[in-house]
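S.K.:
2 protein chains.
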Amino acid sequence: MGPEATADLYLRITQNTTAQTDQDHLHIIVDSNAKIPSRQAAVLEGGEKPTAAMCETARNLQQAGADFLVIPCNAAHIFLQPVIESVTIPILSIIDETVRAVVNQVPGIAKVGLLASTAIVKTGVYADAFARKGIDTLVPAPEDQQAVLNAIFAIKAGNKSKEVRDSLHRVVSALIRQGAEAIVLACTELPLVLSHEDFPTPVVNPTEELARAAVREATGA
Amino acid sequence: MGPEATADLYLRITQNTTAQTDQDHLHIIVDSNAKIPSRQAAVLEGGEKPTAAMCETARNLQQAGADFLVIPCNAAHIFLQPVIESVTIPILSIIDETVRAVVNQVPGIAKVGLLASTAIVKTGVYADAFARKGIDTLVPAPEDQQAVLNAIFAIKAGNKSKEVRDSLHRVVSALIRQGAEAIVLACTELPLVLSHEDFPTPVVNPTEELARAAVREATGA
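Quick note, the sequences are listed as chains A and B, same order. Taking our numbering, the leading residue of the first sequence gets 19, the next gets one more, and so forth. Taking our numbering, the leading residue of the second sequence gets 19, the next gets one more, and so forth.
Right, dumping it as structure tokens:
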């Protein structure tokens, strides 16, 4: 739920909408609530959980007229269940949409590589979802995982340098060497600096999958 | 209020905010209401006015907790007064912020060139505001103005081709030849394809000025 990741999702929804004029677009309401506590600090350091602020934001969007919700933060989905229960409208899951995309794009895949924040890796929310489809999840070695988390916080601070990108490229290369048949960029900051064109294996971008799901849900397509 | 112009304003607010983490950012609520009728059609063709939908959207944002409002559409400001009266929170004016920026950036300026939608030119909302500062407003010749409006609708339809940019460059060059000492890109679609680096004269981008004003208002800076 970094603001740039939020704009990325919003623009991807716009780009996935067939529109010639302003009026052809979907009605989108965004509540970019910077006061939602860090998902990483909650999982890794026992910090304040983001759940209450997420529930409040979800209710605010429902009150403002939203028919369904999407959340442009993978790690926020660790705390999803109480948020689902706090509103009467559906919340599309970035994890469900991503797992579906991986299965569709790489039929028969056995091993997926996960580039994600450490909270995602520790809680296993993606690994569990992939396991239910019979897919093993490869995660970076501990130092590499720390490099990924450092890169995520650097991007949030506006640093998209070659050094940051290179550190992520090294981790992805290691996952591919270990047998990953696809790479999931499971933090919404990562697609801000990495592209599917950067790697020889298929790369699945959860932000893009969530955008497509939102357009499908909104248009009934 | 094209969705890409809305994202542009949102990102400019983010970039103008001093932030190292998600939590340092401002709380921004966006109501991107595609059902607001065309401002051009309302002025040029007697189409449905956007006023009622703008008032409804403004009230929705106030209800959702906004302390003040900004509207990323210059032409929407033609209809601003009833919207101001529909809420109890302030609305920052993109026109006022832009006029202030022109006066600050080009002290003593006598003639400003206006690249804007035809609704803006016809209603004179910018020309009147500049006149109150003793500044003359130069607008394109009729065929050139039609080229600008065509370019704006092309950008809204996702066309950012060299042809579209070239047509705008020709109009700006004509305004500079007529004596414009600064150019105002007074439609929020225009900065999506034009940059201040493209021209020898100062270029003022109302979207950027509105973003800076929003950060000032929110932070009390």
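Beta carbons are placed, not taken as given, at the ideal position from N, Cα and C, and that holds for glycine. Given the structure is predicted, the values throughout are model-derived calculations rather than measurements.
Which chain A residues sit within Cβ distance under 8 Å of residue 32 of chain B?
M.R.: Here residue 32 of chain B refers to the residue found at position 14 when the second sequence is read from its first residue. Chain A residues near residue 32 of chain B: 21, 22 and 25.
S.K.: Less than 8 Å between C-beta atoms, sequence neighbours within five positions excluded: which residues of the same chain meet that for residue 154 of chain B?
M.R.: Residue numbering aside, residue 154 of chain B sits at position 136 when the second sequence is read from its first letter. Taken in chain order, the residues that qualify are 128, 129, 130 and 148.
S.K.: Against chain A, does residue 29 of chain B count as a neighbour if the rule is that its beta carbon must be under 9 Å from one of theirs?
M.R.: Residue numbering aside, residue 29 of chain B sits at position 11 when the second sequence is read from its first letter. So yes, residue 29 of chain B belongs to the interface.
S.K.: Return the chain-ordered list of same chain residues with a C-beta closer than 6 Å to the C-beta of residue 88 of chain A, the five sequence neighbours on each side being excluded.
M.R.: Indexing the first sequence from 1 puts residue 88 of chain A at position 70. Only 110, 228 and 232 meet the Cβ criterion.
S.K.: By Cβ distance, which residues of its chain are closer than 6 Å to residue 196 of chain B, with the 5 residues on each side in sequence left out?
M.R.: Indexing the second sequence from 1 puts residue 196 of chain B at position 178. These residues qualify, in order along the chain: 156.
S.K.: For the stretch 99-113 of chain B and the stretch 79-88 of chain B, state whether three or more C-beta atom pairs, one from each stretch, are separated by less than 8 Å.
M.R.: Verdict: yes, contact present.
S.K.: Which residues in chain A sit within 9 Å of residue 83 of chain B, going by Cβ to Cβ distance?
M.R.: Taking the second sequence and counting its residues from 1, the one referred to as residue 83 of chain B is at position 65. Those are 49 and 78, listed as they occur along chain A.
S.K.: What are the partner residues of residue 202 of chain B, as DSSP defines its beta bridges?
M.R.: For the purposes of this step, residue 202 of chain B is taken as residue 184 along the second sequence, with counting starting at 1. The partner list for residue 202 of chain B (beta bridge, DSSP) reads B:132 and B:222.
S.K.: Would residue 146 of chain B count as contacting chain A if we go by Cβ distances under 9 Å?
M.R.: Taking the first residue of the second sequence as position 1, residue 146 of chain B is located at position 128. No, because no Cβ of chain A sits closer than 9 Å to the Cβ of residue 146 of chain B.
S.K.: Which residue marks the beginning of the alpha helix (DSSP H) containing residue 156 of chain B, and which one marks its end?
M.R.: The residue you call residue 156 of chain B lines up with position 138 of the second sequence. Counting along the chain, residue 156 of chain B falls outside any alpha helix (DSSP H), though it belongs to the beta strand (DSSP E) covering 154-156.
S.K.: Spell out the partners DSSP gives residue 46 of chain B in its beta bridges.
M.R.: Walking along the second sequence from the start, residue 46 of chain B turns up at place 28. BP columns for residue 46 of chain B point to A:50.
S.K.: Would you kindly work out how many angstroms separate the C-alpha atoms of residue 98 of chain A and residue 92 of chain A, rounded to a whole number?
M.R.: Your numbering for residue 98 of chain A matches position 80 in the first sequence. Your numbering for residue 92 of chain A matches position 74 in the first sequence. For residue 98 of chain A and residue 92 of chain A, the distance between alpha carbons rounds to 10 Å.
S.K.: Output, in chain order, the set of chain A residues within a Cβ distance shorter than 7 Å of residue 44 of chain B.
M.R.: Stepping through the second sequence from its first residue, residue 44 of chain B is reached at position 26. 52, listed in chain order.
S.K.: Tell me, please, which residues DSSP counts as bridged to residue 87 of chain A.
M.R.: One-based indexing of the first sequence puts residue 87 of chain A at position 69. DSSP, once it has assigned bridges, lists A:109 as partnering residue 87 of chain A.
S.K.: Three or more C-beta pairs under 8 Å: does that hold for the stretch 48-66 of chain B against the stretch 33-50 of chain A?
M.R.: Yes, the stretch 48-66 of chain B is in contact with the stretch 33-50 of chain A.
S.K.: State the DSSP-derived secondary structure class of residue 185 of chain B, mapped to helix, strand or coil.
M.R.: Counting from one through the second sequence, the residue named residue 185 of chain B turns up at place 167. DSSP places residue 185 of chain B in helix when its eight states are reduced to three.
S.K.: Have a look at A:210, A:125 and A:145 and flag the residue whose alpha-carbon is nearest the alpha-carbon of residue 174 of chain A.
M.R.: Against the first sequence, residue 174 of chain A aligns to sequence position 156. The option with the nearest alpha carbon to residue 174 of chain A is A:210.
S.K.: Mapping DSSP to helix, strand and coil, what is residue 29 of chain B?
M.R.: In the second sequence, residue 29 of chain B corresponds to position 11, counting from 1. Helix.
S.K.: Evaluate the contact criterion for the stretch 159-172 of chain B versus the stretch 213-220 of chain B: three or more CB pairs, one atom per stretch, below 8 Å.
M.R.: The stretch 159-172 of chain B is not in contact with the stretch 213-220 of chain B.
S.K.: Between which two residues does the alpha helix (DSSP H) containing residue 163 of chain A stretch?
M.R.: On the first sequence, position 145 is the one that residue 163 of chain A refers to. Unbroken alpha helix (DSSP H) run through residue 163 of chain A: 160-174.
S.K.: Determine the direct distance from the alpha carbon of residue 96 of chain A to that of residue 72 of chain A, and round the result to whole angstroms.
M.R.: Here residue 72 of chain A refers to the residue found at position 54 of the first sequence. Here residue 96 of chain A refers to the residue found at position 78 of the first sequence. Those two C-alpha atoms are separated by around 12 Å.
S.K.: Since residue 163 of chain B contacts residue 136 of chain B with CB under 8 Å, what's their CB separation in whole angstroms?
M.R.: The sequence position of residue 163 of chain B within the second sequence is 145, counting from 1. The sequence position of residue 136 of chain B within the second sequence is 118, counting from 1. Going by Cβ atoms, the distance from residue 163 of chain B to residue 136 of chain B rounds to 6 Å, so yes, they are a contact pair.
S.K.: State yes or no: is the beta carbon of residue 176 of chain B nearer than 9 Å to at least one beta carbon in chain A?
M.R.: As a position in the second sequence, residue 176 of chain B is number 158, starting the count at 1. Yes, residue 176 of chain B counts as interfacial toward chain A.
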